[in-house]
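In what follows, a single structure is set out as structure tokens and then discussed.
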Amino acid sequence: MIEEQAVVIFKEDDQVSVEIMRTKPCGLCGKTQGCGNSIWGKIFSHKRNKLSIKNNIGVKVGDRVMLTIEENYLLRSSLLLYGLPLLFLFIGMVFMDTITQKNSDLWVLVGAIFGMLSGLILVKFLARKNHDRLFKEAMITKI
Numbered sequence: 004m005i006e007e008q009a010v011v012i013f014k015e016d017d018q019v020s021v022e023i024m025r026t027k028p029c030g031l032c033g034k035t036q037g038c039g040n041s042i043w044g045k046i047f048s049h050k051r052n053k054l055s056i057k058n059n060i061g062v063k064v065g066d067r068v069m070l071t072i073e074e075n076y077l078l079r080s081s082l083l084l085y086g087l088p089l090l091f092l093f094i095g096m097v098f099m100d101t102i103t104q105k106n107s108d109l110w111v112l113v114g115a116i117f118g119m120l121s122g123l124i125l126v127k128f129l130a131r132k133n134h135d136r137l138f139k140e141a142m143i144t145k146i
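Heads up: the sequence shown begins at 4 in our numbering, then just goes up one per residue.
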């Protein structure tokens, strides 16, 4: 089980909105909320993560809770996120290599790029379609 601390910021019926508190530093300077000095920090903002989760243990606004998620779910998600574009990259390479008569490396490169972009678009579509599944997988376990 992977665990992360959060604070309940909003409650409505059987759903609560929680804000995840990063407790592990990033390794650059030891700050836990992100300073934006890294390349990823400049590309992506370090906003606090908010989730809407089913209130299965009766928490109130302001309570500190522990969120848990199964490691298998994280492993499957990582495999989908990294494996699918890589698989499509190789499929695009092989496809372009078989249909081109001249055996040109440029066309194989074009096929690889097209295949990887197709895989990334598919991952984006699948992530958007299954976005709510994350909220069903994550559970509040302790106050």
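For every residue, glycine included, the Cβ atom is placed at its ideal position computed from N, Cα and C.
Bear in mind the structure is a predicted one, so any value in this text is a computation, not a measurement.
Using three-state DSSP, classify K63 as helix, strand or coil. coil
With 16 other Cβ atoms within 10 Å as the buried cut-off, status of V64: exposed
Excluding the five sequence neighbours on either side, which residues of its own chain have a C-beta within less than 7 angstroms of the C-beta of V11, listed in chain order? V19, V21, V62, K63, V64, G65, D66, V68
Can you say whether I60 is buried or exposed, counting buried as having 16 or more other CB atoms within 10 angstroms of its CB? exposed
Using beta-carbon positions only, say whether E7 and L87 come within less than 7 angstroms of one another. no
Is K105 helix, strand or coil when you go by DSSP? coil
Please state whether the Cβ-Cβ distance between F117 and G95 is less than 7 angstroms. yes
DSSP three-state label for A9, please. strand
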